[in-house]
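Residue numbers for the sequence shown follow this note's numbering, so the first one is 1 and each next one is one higher.
No residue lacks a Cβ here, since even glycine has one placed at the ideal position from N, Cα and C.
Quick caveat: nothing in here was measured; it's all calculated off a predicted structure.
What follows is a short report on a single structure.
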Amino acid sequence: MDSAAYPTKAVRPHNSRMSKQALVQAGFKQLPRWQDAVGRYLIELQSEASLTA
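Next up, the structure:
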């Protein structure tokens with residue numbers, strides 16, 4: 001069956017981000033924000049550049 005058989009769009013919540021609470025309660029550590037990872041990478045890159053200069 002193709003989507004033409006369903007003329008209405010599916011209802012989606014306004015904020016569909018998944019909660020990470022269950023992972024935290026199961027003992028998983030929260031992942032760092034991507035911005036923090038970029039910052040660490042830039043510091044490492046700058047450090048390597050100063051070693052080769």
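Opening and closing residue of the alpha helix (DSSP H) in which residue i lies
{"i": "Val24", "result": "Gln21 to Gln25"}
{"i": "Ser50", "result": "Trp34 to Thr52"}
Minimum C-alpha distance to residue i - residue among the options
{"i": "Ser19", "options": "Gln30, Ala10, Gly39 and Lys9", "result": "Gln30"}
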